[in-house]
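**Q** So that we are looking at the same thing, I have put the structure below in structure tokens.
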Amino acid sequence: MVDQHPNTVLSAVCDTSSEKLADEQNFNVVRDPVEVLASDVDAVFVCTPNHLIPELTIQCLERGKHVFSEKPPGRTLNDIVQMQAAEKENPDIKLMFGFNHRYHPGVLRAKSIVDSGRLGKIIALRGLYGKSGGKNFPKSWRNDFNISGGGILLDQGIHMLDLFNYFIGGFTSVKSFLSNGHWGFDVEDNAVVILKNDKDQLAVLHSSTTFWKHMFQLNVILEKGYLKLEGLLSKTGSYGRETLVIGHRQFEDEAEAIGNPTEETIYFDKDLSWDLEVNQFIDCILNDKPVLESNSTDAYNAMELVHRCYQDSDFAIYQSETN
Amino acid sequence: MERAVIHSDLKKQEIQPQPLLEKYLDLMKEDISKILPARSLLDASCPVTGESEVQESFSKLGMDYQVSQTLGNIYLSQRPSMNLLKQFYVESSARKFWLKELWPQTAEVRKEKILLPQLGWAWGFISQYSAEKNLCMAEFLPNHWGYRLAADEIFPNVNYRLIDPLFDTAGTERLVTDLDVSDKIGNESLNAAFLFEALDRSPNPAGLLESVKQSLKPGGLCFVTCLLASGFEVQILGEKSGIFVPPERMNLLSYEGMNMLIKKTGGLEVLEFSTPGVLDIPNVISKLDSVKNSAFFNYLFSLRQDARLVKSFQDFLQLNCLGTFGRLVLRKK
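These protein sequence lines map, in sequence, to chains A and B. Each residue of the first sequence is one higher than the last, beginning at 1 in the working numbering. Each residue of the second sequence is one higher than the last, beginning at 324 in the working numbering.
Below, the structure written as structure tokens:
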């Protein structure tokens, strides 16, 4: 995507296992991030395991390099606070986070329908987001608390929490139940989260590594209807075809109000989420615009929800001061 | 690109009650013989490719449709000149009947099940793609559909204009009267343009789409609804299909024909191409007796006695753009 943008060139890739990268490339391959930090690149994409994100991001910001950081924004709430402090000290440098689900076509359409007010106000959100485990899953760094800082809720559930914030936000009550009963990692393999804000809007999330099938589903329940997002366009197609179901409430005085209303299902064929978010990042740099979406405030808000879920749970590993 | 599958309880009888429809068709047939005599009609060619070679021809109400060789577009040929077409719309008793009888008796259900959902569909896209506060929209060739009458419920405080380059003749009866002519629309002035079955009715769909493109701002949206020659009902019933009537339906482009028209126009990105209609199967069932080799369809839709099968067949048609009612969203690059 960086190479495809007319105003950017991919200059270097840093990977500690750089032998994985082919020799014949149009960019430099380096093993030590210091080489990137010392170079004259304008912007850096930080796509590392979680424990490396804060330090790399802060060092880039301090050296005047714009940063697009993958989610989650570190391992703890303190990590994003530190990154925000570095951002504040370098106000001309852009910092954006990879909450790309906001840019998926189904989410964009759902948001526009909600914002149009046609279906009234949101009453509740319900999300399911999970994966099947997969090859070598038990050995993944994502399940190592010292590297990841959390389990499936921090790894994948944070996308759904970001969408909850995107659609309603302002959650004042947080309840969570975590389990590591299946895999026995020191981090959770399942999380059930219940949220409520001061407008009486509810949100429920089940984030899981044990659905045995990649699954994404978000229900938006409104006063005059409902939206059901299902599937996510991806390279492998493993989350299923991305669809948005739009249903209109049958009112109580309608003769055929039998709980099976007319539905419209939209099938999306093209995922532009990566292009949209990267293009937005580059546009903010080139035109010195503030980062309005997926910015550090959004990252903080999502991370704060994860933090409060972990605090509310009875998982001992999340009860220390630093978490 | 995206496509929509809609489960609607819309029934043909609700919008076209059989006695009224039969009266309308009788009047239309009389109008055609009276106002559009064969000697006054002109040859036409495929509205997309310009070719004259045809796969086949058929007649409806005394006028001839051709099926183009390459793309399977259906078009009226011979057809009236522009002046004669205007005269037809002024004098047509069928049109008066539609406006005075058929519309008033079906207006409520049309508004609830057709007009408001379609305007709501458009509003979803406009909300997503346009950040402007003061939106300017225009409906081209509004004819007698009445979207304007429902638009205020969906687009409050929007400048919604009606553009009719064809029927500016004084004395034409219509549901709405506050019409502009096309030359009052400035280039790159519109956030959204609506072509509700307008390409079907235009003598020059390529020219109409080009002028709409010119009138859109960069990033502006064009919403198209149309009947498709490649749709199930038209493919199965052909000339027996009651969904299109001359001279109003001058062109029914196929799925491929519509894509070719957009490609030839250039500068337009297709955001959605769907065929979300729900009347293909009921319309085919109602005329199965007139279909050759209908045994299999009779088995599917009747003898099998399985409503789920019929529903899944309609879903299949919609999901694969094989329905007769088409809708598109185009975005000016």
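Glycine included, each C-beta is placed from N, C-alpha and C at the ideal position. For clarity, every value in this text was computed on a predicted model and none was experimentally measured.
Between the alpha carbons of THR588 of chain B and SER375 of chain B, how many angstroms are there, rounded?
**A** If I take the Cα positions, the gap works out to 20 Å.
**Q** Restricting to Cα atoms, I'd like to know which of A:THR262, A:ALA302, A:VAL278 is closest to GLU435 of chain B.
**A** Taking only the C-alpha atoms, the option nearest GLU435 of chain B is A:THR262.
**Q** Look at VAL371 of chain B and LEU576 of chain B and say whether their C-beta atoms are less than 8 Å apart.
**A** In this structure, LEU576 of chain B lies closer than 8 Å to VAL371 of chain B by Cβ.
**Q** Please name the residues in the region 291-311 of chain A whose beta-carbon is closer than 7 Å to at least one beta-carbon of chain B, in chain order.
**A** So the list is empty, because no residue satisfies the distance condition.
**Q** Of the residues A:ASP115, A:ALA43, A:TYR129, which one's Cα is nearest the Cα of VAL2 of chain A?
**A** Comparing Cα-Cα distances from VAL2 of chain A to each of A:ASP115, A:ALA43, A:TYR129, the minimum goes to A:ALA43.
**Q** With burial defined as no fewer than 16 other Cβ atoms inside 10 Å of the residue's Cβ, what is the status of GLU520 of chain B: buried or exposed?
**A** With 16 or more other Cβ atoms within 10 Å, it is buried.
**Q** Bridge partners for LEU202 of chain A per DSSP, in chain order?
**A** Answer by DSSP bridge pairing, in chain order: A:ALA124, A:LYS196.
**Q** Could you check if MET303 of chain A is buried or exposed, using at least 16 other CB atoms within 10 Å of its CB as the buried criterion?
**A** Label assigned to MET303 of chain A: buried.
**Q** What is the rounded straight-line gap between the Cα of ARG418 of chain B and the Cα of PHE624 of chain B?
**A** Taking the straight line from one Cα to the other gives about 34 Å.
**Q** Closer than 9 Å by beta-carbon distance: list the chain B residues that pair up with GLU264 of chain A, in chain order.
**A** What GLU264 of chain A touches in chain B: ALA327, VAL328, ILE329, HIS330, SER331, PRO440, TRP444, PRO599.
**Q** Below 8 Å on the Cβ atoms is my guess for ARG572 of chain B versus LEU550 of chain B; work out the distance and round it to an integer in Å.
**A** The pair is a contact, with the Cβ atoms about 7 Å apart (cut-off 8 Å).
**Q** Going by Cα to Cα distance, which pick from A:THR297, A:LEU10, A:LEU233, A:HIS214 is closest to PHE45 of chain A?
**A** Of A:THR297, A:LEU10, A:LEU233, A:HIS214, the residue nearest in Cα terms is A:LEU10.
**Q** Check each residue of the region 538-568 of chain B: if its Cβ is closer than 8 Å to any Cβ of chain A, include it; give the result in chain order.
**A** Here the close residues number zero.
**Q** Per DSSP, GLN217 of chain A is paired with what?
**A** BP columns for GLN217 of chain A point to A:LEU128, A:GLU230.
**Q** How would you label TRP421 of chain B, buried or exposed, when you count the other beta carbons within 10 angstroms and need 16 or more for buried?
**A** When all chains shown are included, TRP421 of chain B counts as buried.
**Q** If the cut is a Cβ gap below 7 Å, which residues of chain A does GLN451 of chain B touch?
**A** Under the 7 Å cutoff, chain A gives LEU108, ARG109, SER112.
**Q** Could you check whether the Cβ of SER116 of chain A sits closer than 8 Å to any Cβ belonging to chain B?
**A** Output row for SER116 of chain A: interface = yes.
**Q** Listing by chain order, which chain B residues have their CB less than 7 Å from the CB of ASP269 of chain A?
**A** In chain order: MET324, GLU325.
**Q** Are GLN401 of chain B and ASP354 of chain B close, meaning C-beta to C-beta below 8 Å?
**A** Contact flag unset, no.
**Q** So CYS459 of chain B is in the beta strand (DSSP E); what residue range does that whole segment cover?
**A** That run of the beta strand (DSSP E) goes 459-463.
**Q** Roughly how many whole angstroms lie between the Cα atoms of GLY447 of chain B and SER17 of chain A?
**A** Their backbone Cα atoms lie some 46 Å apart in a straight line.
**Q** Considering only the alpha carbon of each residue, which of A:GLY170, A:PHE145, A:ILE152, A:ILE282 lies closest to GLY130 of chain A?
**A** Comparing Cα-Cα distances from GLY130 of chain A to each of A:GLY170, A:PHE145, A:ILE152, A:ILE282, the minimum goes to A:ILE152.
**Q** For the alpha helix (DSSP H) containing GLY237 of chain A, name the first residue and the last one.
**A** No alpha helix (DSSP H) contains GLY237 of chain A, which DSSP labels as neither H nor E.
**Q** Does the beta carbon of GLY447 of chain B come closer than 8 Å to any beta carbon on chain A?
**A** With 8 Å as the cut-off, GLY447 of chain B counts as an interface residue toward chain A.
**Q** Taking only the alpha-carbon atoms, compute the straight-line gap between TRP274 of chain A and SER635 of chain B and give it to the nearest angstrom.
**A** Cα to Cα, the separation comes out at about 34 Å.
**Q** What does the alpha-carbon distance come out to for the pair VAL114 of chain A and PHE268 of chain A?
**A** For VAL114 of chain A and PHE268 of chain A, the distance between alpha carbons rounds to 18 Å.
**Q** Tell me, to the nearest whole angstrom, how far the beta carbon of GLY600 of chain B is from that of PHE648 of chain B; I am working on the premise that it is less than 8 Å.
**A** With 8 Å as the limit, GLY600 of chain B and PHE648 of chain B qualify as a contact, their Cβ atoms being about 3 Å apart.
**Q** Leaving aside the five residues before and after GLN319 of chain A along the sequence, list all residues of the same chain whose C-beta is less than 6 Å from its C-beta, in chain order.
**A** Counting only Cβ-Cβ distances below 6 Å, and skipping sequence neighbours, we find nothing.
**Q** What are the start and end residues of the alpha helix (DSSP H) that includes THR429 of chain B?
**A** Counting along the chain, the alpha helix (DSSP H) containing THR429 of chain B begins and ends at 426-433.
**Q** 8 Å is my cut-off, CB to CB: does LEU642 of chain B come that close to chain A?
**A** Chain A, which has a Cβ nearer than 8 Å to the Cβ of LEU642 of chain B, makes this yes.
**Q** Would you mind listing the alpha helix (DSSP H) stretches within the region 76-145 of chain A that are 4+ residues and don't spill past its ends, in chain order?
**A** For the region 76-145 of chain A, whole alpha helix (DSSP H) runs of length 4 or above, ordered along the chain, are 77-89, 105-116.
**Q** Here's the rule: buried if 16 or more other CB atoms are within 10 angstroms of the residue's CB, otherwise exposed. What is THR209 of chain A?
**A** Burial call: buried.
**Q** From SER238 of chain A to VAL481 of chain B, what distance separates their C-alpha atoms?
**A** So the alpha carbons of these two residues sit roughly 42 Å apart.
**Q** Starting from GLY469 of chain B and walking both ways along the alpha helix (DSSP H), at which residues does that stretch end?
**A** Run containing GLY469 of chain B: none; DSSP gives neither H nor E here.
**Q** How far does the beta strand (DSSP E) with SER391 of chain B in it reach, from first residue to last?
**A** Element bounds for SER391 of chain B: 386-391.
**Q** So ILE122 of chain A and LEU222 of chain A are in contact, right, with Cβ under 8 Å, and what is the actual spacing, rounded?
**A** Yes, ILE122 of chain A and LEU222 of chain A are in contact; Cβ-Cβ is about 6 Å, under 8 Å.
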